[in-house]
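**Student:** Got a structure for you, questions after.
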Amino acid sequence: MQGLDVNFKVTEALKETTGSTWCGGSGYLLRRAAVDDIGGFPTESVGEDMYCSNVLLGKGWDAIYVDETLQSGRVPESYKAHVKQQGRWVGIPA
Amino acid sequence: MVSNTAEAACAIEYPSQLFRVVVLDDSASDRLGMDIRRRKETHQNLLYTARVKGKNHDFKAGNLNHGLHYTDSLPGGGAEFIGALDADMIADPQWLRALLPHMLRNSKLALAQPPQAGTLIRT
Numbered sequence: 000m001q002g003l004d005v006n007f008k009v010t011e012a013l014k015e016t017t018g019s020t021w022c023g024g025s026g027y028l029l030r031r032a033a034v035d036d037i038g039g040f041p042t043e044s045v046g047e048d049m050y051c052s053n054v055l056l057g058k059g060w061d062a063i064y065v066d067e068t069l070q071s072g073r074v075p076e077s078y079k080a081h082v083k084q085q086g087r088w089v090g091i092p093a
Numbered sequence: 000m001v002s003n004t005a006e007a008a009c010a011i012e013y014p015s016q017l018f019r020v021v022v023l024d025d026s027a028s029d030r031l032g033m034d035i036r037r038r039k040e041t042h043q044n045l046l047y048t049a050r051v052k053g054k055n056h057d058f059k060a061g062n063l064n065h066g067l068h069y070t071d072s073l074p075g076g077g078a079e080f081i082g083a084l085d086a087d088m089i090a091d092p093q094w095l096r097a098l099l100p101h102m103l104r105n106s107k108l109a110l111a112q113p114p115q116a117g118t119l120i121r122t
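The listed protein sequences derive, respectively, from chains A and B. Numbering of the first sequence is given in numbering that gives the first Met the number 0, commencing with residue 0 and proceeding in unit increments. Numbering of the second sequence is given in numbering that gives the first Met the number 0, commencing with residue 0 and proceeding in unit increments.
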């Protein structure tokens with residue numbers, strides 16, 4: 000249930016080929032000048048990572064998905080926590 | 000947990016005088032603040048800030064924007080590049096060295112995003 004392999008290896012890789020990489024919330028590197036260009040981290044959506052990357056792309060900046068394992072973290076340990084996380088990813092505040 | 004993340008971030012293979020690790024504590028935990036400040040003895044580039052949250056705190060984006068203001072106020076000002084790690088994300092030692100060259104190659108690159116590997120750690 001928490002395997003993000005499909006998300007990253009298939010979906011993100013596909014999106015990379017169309018230049019529409021999404022910021023995944025953690026582990027990313029940003030150019031400060033680009034963040035300034037969009038007025039800082041956008042606050043309009045609770046899913047701030049995806050929203051931020053969409054705003055950047057909309058303003059003509061590039062984004063890439065780097066297919067190397069560079070971070071590892073914990074996954075939610077209960078069904079309830081998993082639902083809460085997925086809800087947050089579609090814009091429902093926790 | 001956050002302390003482990005901070006330690007791993009400090010341990011990346013990159014000259015310590017060239018990057019800062021800033022813990023953005025949105026829970027303003029005294030305990031975490033004290034723990035991070037203690038670790039500063041080992042890691043001079045480790046910093047801690049806890050913003051004062053008003054009614055419209057804008058969740059994580061608000062905290063990240065606070066991080067920008069905070070680093071802007073430091074000697075030397077804000078950095079050219081910003082990396083972000085969630086509280087439970089342990090960075091690989093190669094993390095920054097693997098991402099930075101992409102930024103240097105393409106001046107129009109705003110974002111370099113690696114995948115997240117999940118490990119279930121039962122506490």
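C-beta: ideal position from N, C-alpha, C; glycine also. Every value quoted in this text rests on a predicted model; they were computed, and no experiment measured them.
Just list the beta strand (DSSP E) runs in the segment 41-116 of chain B, keeping only unbroken ones of 3 residues or longer that don't cross its boundaries, in chain order.
**Tutor:** Runs of the beta strand (DSSP E) inside the segment 41-116 of chain B: 45-48, 80-82 and 108-112.
**Student:** Hey, out of Leu67(B), Gly32(B) and Lys39(B), whose CA is closest to Gly76(B)'s CA?
**Tutor:** Taking only the C-alpha atoms, the option nearest Gly76(B) is Leu67(B).
**Student:** Can you tell me where the alpha helix (DSSP H) holding Ile35(B) begins and where it ends?
**Tutor:** It spans Asp29 to Arg38 - the alpha helix (DSSP H) in which Ile35(B) sits, taken as one unbroken run.
**Student:** Short of 8 Å Cβ to Cβ, which residues in the segment 25-40 of chain B face chain A?
**Tutor:** Flagged: no residues at all.
**Student:** Would DSSP call Leu17(B) helix, strand or coil?
**Tutor:** Correct three-state label for Leu17(B): helix.
**Student:** By DSSP's criteria, Arg30(A) is part of a beta bridge. Which residues make up the other side?
**Tutor:** For Arg30(A), which the question treats as bridged, DSSP gives the partners Phe80(B).
**Student:** Taking 7 Å as the threshold (beta carbon to beta carbon), is Val54(A) in contact with chain B?
**Tutor:** No - not a single Cβ of chain B is within 7 Å of the one on Val54(A).
**Student:** Using the Cβ count rule (16 or more neighbours within 10 Å means buried), how would you classify Lys54(B)?
**Tutor:** With fewer than 16 Cβ atoms within 10 Å of its Cβ, Lys54(B) is classed as exposed.
**Student:** Against chain B, does Tyr64(A) count as a neighbour if the rule is that its beta carbon must be under 7 Å from one of theirs?
**Tutor:** Tyr64(A) counts as touching chain B.
**Student:** Give, in chain order, every residue of the segment 59-87 of chain B whose Cβ lies closer than 8 Å to some Cβ of chain A.
**Tutor:** Answer set for the segment 59-87 of chain B: Lys59, Ala60, Gly61, Leu63, Asn64, Leu67, Gly77, Ala78, Glu79, Phe80, Ile81, Gly82, Ala83, Leu84, Asp85 and Asp87.
**Student:** I want to see whether chain B comes within less than 7 Å of Tyr78(A), judged by CB atoms only; does it?
**Tutor:** Not an interface residue.
**Student:** Would DSSP call Asp24(B) helix, strand or coil?
**Tutor:** Three-state DSSP puts Asp24(B) in coil, outside helix and strand.
**Student:** Does the segment 99-110 of chain B come into contact with the segment 15-32 of chain B, if we say contact requires no fewer than three beta-carbon pairs (one atom in each stretch) closer than 8 Å?
**Tutor:** No contact exists between the segment 99-110 of chain B and the segment 15-32 of chain B.
**Student:** Looking only at its own chain, which residues have a Cβ that is under 7 Å from the Cβ of Ala7(B), when we skip the five neighbours before and after it?
**Tutor:** Excluding residues within five positions, the ones whose Cβ falls inside 7 Å are Ile89 and Ala90.
**Student:** Taking the alpha helix (DSSP H) that Ala7(B) belongs to, which residues open and close that run?
**Tutor:** It spans Val1 to Cys9 - the alpha helix (DSSP H) in which Ala7(B) sits, taken as one unbroken run.
**Student:** Which chain A residues are close to Leu99(B), counting only those with a beta carbon under 9 Å from its beta carbon?
**Tutor:** Chain A residues near Leu99(B): Leu28.
**Student:** If we count Cβ pairs, one from each stretch, closer than 8 Å, do we get three or more for the segment 33-44 of chain A versus the segment 52-63 of chain A?
**Tutor:** With a cut-off of 8 Å, the segment 52-63 of chain A and the segment 33-44 of chain A count as touching, because enough Cβ pairs lie within range.
**Student:** Would you mind working out which of Asn53(A), Ala80(A), Ser44(A) and Val65(A) sits nearest Tyr27(A), comparing C-alpha positions?
**Tutor:** The shortest Cα separation from Tyr27(A) among Asn53(A), Ala80(A), Ser44(A) and Val65(A) belongs to Val65(A).
**Student:** Cβ of Ser25(A) within 7 Å of Cβ of Leu84(B)?
**Tutor:** Yes, they are a contact pair.
**Student:** Quick check on this structure: which residue in Glu40(B), His65(B), Thr70(B) and Ile81(B) has the alpha carbon closest to the alpha carbon of Val51(B)?
**Tutor:** Val51(B) has its Cα closest to that of His65(B), out of Glu40(B), His65(B), Thr70(B) and Ile81(B).
**Student:** When DSSP builds the beta bridges, which residues end up paired with Asp61(A)?
**Tutor:** According to DSSP, Asp61(A) bridges with Leu108(B).
**Student:** Within 10 angstroms of the Cβ of Val82(A), are there 16 or more other Cβ atoms? Answer buried if so, exposed if not.
**Tutor:** Classification of Val82(A): exposed, given that the 10 Å Cβ count is below 16.
**Student:** At the level of alpha carbons, what is the spacing between Arg36(B) and Leu46(B)?
**Tutor:** Computed Cα separation, rounded: 7 Å.
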